[in-house]
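Per the working numbering: the sequence shown = residues 6 to 133.
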Amino acid sequence: MPIDVRWYDDQQTILHMSENGAWTWDDFYAARQQADEMLKQVAYKAHVIIEATHGNIPSNAMTHFRASRMSNHGLTVLVGPRAFSRIMYNVYLRIAGKQHEASFRMASTIEEALDIIAEWEAVNELKE
Numbered sequence: 006m007p008i009d010v011r012w013y014d015d016q017q018t019i020l021h022m023s024e025n026g027a028w029t030w031d032d033f034y035a036a037r038q039q040a041d042e043m044l045k046q047v048a049y050k051a052h053v054i055i056e057a058t059h060g061n062i063p064s065n066a067m068t069h070f071r072a073s074r075m076s077n078h079g080l081t082v083l084v085g086p087r088a089f090s091r092i093m094y095n096v097y098l099r100i101a102g103k104q105h106e107a108s109f110r111m112a113s114t115i116e117e118a119l120d121i122i123a124e125w126e127a128v129n130e131l132k133e
């Protein structure tokens with residue numbers, strides 16, 4: 006499958022989606038459906054890391070990303086090259102609106118994504 010979907014950790018708190026070469030929007034929606042089913046199997050909000058390190062995203066990405074929000078998830082972190090990620094993040098916020106800023110971040114590496122998730126959890130745990 007061009008997009009791999011799996012749990013990143015044994016506790017099933019982070020879902021990891023990663024591209025494996027060229028993919029289409031049909032591939033993306035199949036992977037998103039698989040991710041949605043996995044997220045529905047846990048009784049808590051899990052985070053999602055989308056690893057797009059190859060930069061191979063078909064056209065109209067933001068339209069498709071905005072229309073494909075998954076259920077039962079906390080923070081979504083897009084991992085990709087720094088310049089690419091920043092452009093994607095800014096375009097996404099323009100299209101989706103600032104209300105999505107609280108649930109969407111960007112990172113250059115998986116390690117940075119994990120740090121962002123840990124920081125997000127610490128802040129949100131304090132608010133509860």
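Don't be surprised by glycine CBs; every beta carbon is placed ideally from N, CA and C.
In the DSSP assignment, Asp31 falls within the unbroken alpha helix (DSSP H) covering Trp30 to Lys45.
Bounds of any beta strand (DSSP E) do not take in Ser113, whose DSSP letter is neither H nor E. DSSP lists Leu20 as the bridge partner or partners of Trp12. Val128 sits exposed, since fewer than 16 C-beta atoms from the chains shown fall within 10 Å of its C-beta.
Arg11 and His21 have their alpha carbons spaced roughly 5 Å apart.
Scanning its chain for C-beta atoms nearer than 6 Å, with the 5 sequence neighbours on each side dropped, one finds around Val82 the residues Ile54, Arg110, Ala112, Ala118 and Ile121, in chain order. For Ala48, the secondary structure class from DSSP, reduced to helix, strand or coil, is coil. For the set Arg37, Ala57, Trp28 and Gln39, the Cα lying nearest the Cα of Pro86 is the one of Ala57.
Rounded to the nearest whole angstrom, the CA to CA distance from Ile115 to Val84 is 7 Å. Rounded to the nearest angstrom, the gap between the Cα atoms of Val47 and Gly26 is 29 Å. Nearest neighbour of Asp41 by Cα position, chosen from Asp15, His78, Ile8 and Asp31, turns out to be His78.
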